[in-house]
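Trainee:
In this note's numbering, the protein residues as written are 1457 to 1554.
If you want it as structure tokens, here you go:
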């Protein structure tokens, strides 16, 4: 039995520039490909895109108290890589919950 694996995840966002700032500056992704209204993100230069952000002015604001799928999980190759990413993100002021 193997867990299901996705090659990439797509998020609809209200403000692409704001979302890019968060994913690049605070989470450490790099922009692999960008066109008006869309950005593909990777974990490092030359790596495959694993996150796609698509600007959608009609996207609803998520109710913070509502249940739903508002996240994605990334499997990192080992504990050392996870630790390095946690240190980087914490230094950028990312708050962790759960």
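Just so it is clear, CB atoms sit at the ideal spot from N, CA and C, and this is done for glycine as well.
(1) Just the C-alpha distance for residue 1514 and residue 1467, rounded to the nearest angstrom, thanks.
(2) Nearest to residue 1483 by alpha carbon, out of 1551, 1552, 1545, 1553?
(3) Please say whether residue 1495 and residue 1472 have beta carbons closer to each other than 8 Å?
(4) Check for me: the beta strand (DSSP E) holding residue 1537 runs from which residue to which?
(5) DSSP three-state call for residue 1503: helix, strand or coil?
(6) Between residue 1481 and residue 1543, what straight-line distance do the alpha-carbon atoms span, to the nearest angstrom?
(7) Which first and last residues belong to the alpha helix (DSSP H) in which residue 1618 is found?
Mentor: Short version:
(1) Linking residue 1514 to residue 1467 through their CA atoms gives a straight-line distance of about 13 Å.
(2) The shortest C-alpha separation from residue 1483 is found at 1545.
(3) In contact: residue 1472 and residue 1495 (Cβ atoms closer than 8 Å).
(4) Run containing residue 1537: none in the beta strand (DSSP E); it sits in the alpha helix (DSSP H), 1535-1547.
(5) It is coil, neither helix nor strand.
(6) So the alpha carbons of these two residues sit roughly 14 Å apart.
(7) What is shown of the chain runs 1457 to 1554, which leaves residue 1618 out entirely.
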